[in-house]
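Asks:
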Amino acid sequence: MRYLTGSFALGALRRGRTIEQFLGAAGRPDRPGIRWVEVRPSASGYLIVLHTAEDVGGEHFHDLVEFPALDSDSEEEDFGQEIATAQDESAAMAIAEASTGAAPGRWVNAGIAQDDYLDFVRAGRPPHPPATEPHQAPSDRS
1 MRYLTGSFAL GALRRGRTIE QFLGAAGRPD RPGIRWVEVR PSASGYLIVL
51 HTAEDVGGEH FHDLVEFPAL DSDSEEEDFG QEIATAQDES AAMAIAEAST
101 GAAPGRWVNA GIAQDDYLDF VRAGRPPHPP ATEPHQAPSD RS
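The numbers in the UniProt record's numbering rise by one with no breaks, and the one at position 99 of the sequence shown is 99.
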């Protein structure tokens, strides 16, 4: 299962792990980009960081942290805009969802948002954000 339940996402943060979520397309037609948000534990609580990168990936290159920043002239390896901090993990997730449009049921562990990006690529890079409900296996009603 790719997506974390709410309690698993909170538990990951409590254990000092970062969670993230792919948000979809960004930028302009002449300079396409993508966005993802992460909630990262820090010494002072939790940081909410929004990343906007050039959409330079594809089927065989989808490691989001390797993509260059969309609106940066610098060659920084670690980019992103810190949009807020929070003292507890629940507040951090709520702030991230309210300020970026992240969906409560689509949080993943660090490094897994690239799988949602790959789905985005395979779907033809739709201009709309990903579905708000995670993919669910059909139920067996026999």
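Built from N, CA and C at the ideal position, the CB exists for glycine as well.
Quantities reported herein were computed from a predicted structural model and do not represent experimental measurements.
Less than 7 angstroms separating the beta-carbons of residue 37 and residue 47?
Replies: For residue 37 and residue 47, no; Cβs fall outside 7 angstroms.
Asks: Is DSSP giving residue 100 helix, strand or coil here?
Replies: Residue state, collapsed to three classes: helix.
Asks: Indicate whether the contact test is met: 3 or more Cβ pairs, each with one atom in the segment 94-106 and one in the segment 59-72, closer than 8 angstroms.
Replies: Verdict: no, contact absent.
Asks: With a CB to CB cut of under 6 angstroms and the five nearest residues on each side skipped, what residues in its chain are close to residue 18?
Replies: Correct list, in chain order: 38, 40, 110.
Asks: Which runs of the beta strand (DSSP E) at least 3 residues long sit entirely within the segment 2-81? Give them in chain order.
Replies: Counting only runs of 3 or more, we get 19-28, 31-42, 45-54.
Asks: Quick one: using the 10 Å Cβ neighbour count with 16 as the cut-off for buried, is residue 89 buried or exposed?
Replies: With 16 or more other Cβ atoms within 10 Å, it is buried.
Asks: Could you give the residue range of the alpha helix (DSSP H) that holds residue 113?
Replies: Looking at the DSSP string, the run of the alpha helix (DSSP H) that includes residue 113 is 113-122.
Asks: Classify residue 110 as helix, strand or coil using the three-state DSSP reduction.
Replies: If DSSP states are grouped into helix, strand and coil, residue 110 belongs with coil.
Asks: Sort 71, 12, 60 by Cα distance to residue 31 and report the nearest one.
Replies: Checked all of 71, 12, 60; the closest Cα to residue 31 is 71.
Asks: Please go through the same chain and pick out, in chain order, the residues whose beta-carbon is closer than 6 angstroms to the beta-carbon of residue 118, but skip the five residues on each side of it.
Replies: Cβ neighbours of residue 118 beyond the five flanking positions: 62.
Asks: Once you ignore the five residues that flank residue 102 on each side, which residues in its own chain have a CB closer than 6 angstroms to its CB?
Replies: These residues qualify, in order along the chain: 21, 37, 96.
Asks: Thinking C-beta only, is residue 86 closer than 7 angstroms to residue 45?
Replies: Cβ atoms of residue 45 and residue 86: closer than 7 angstroms.
Asks: Going by Cα to Cα distance, which pick from 104, 112, 55 is closest to residue 121?
Replies: Looking at the Cα atoms, 55 is the closest of the given residues.
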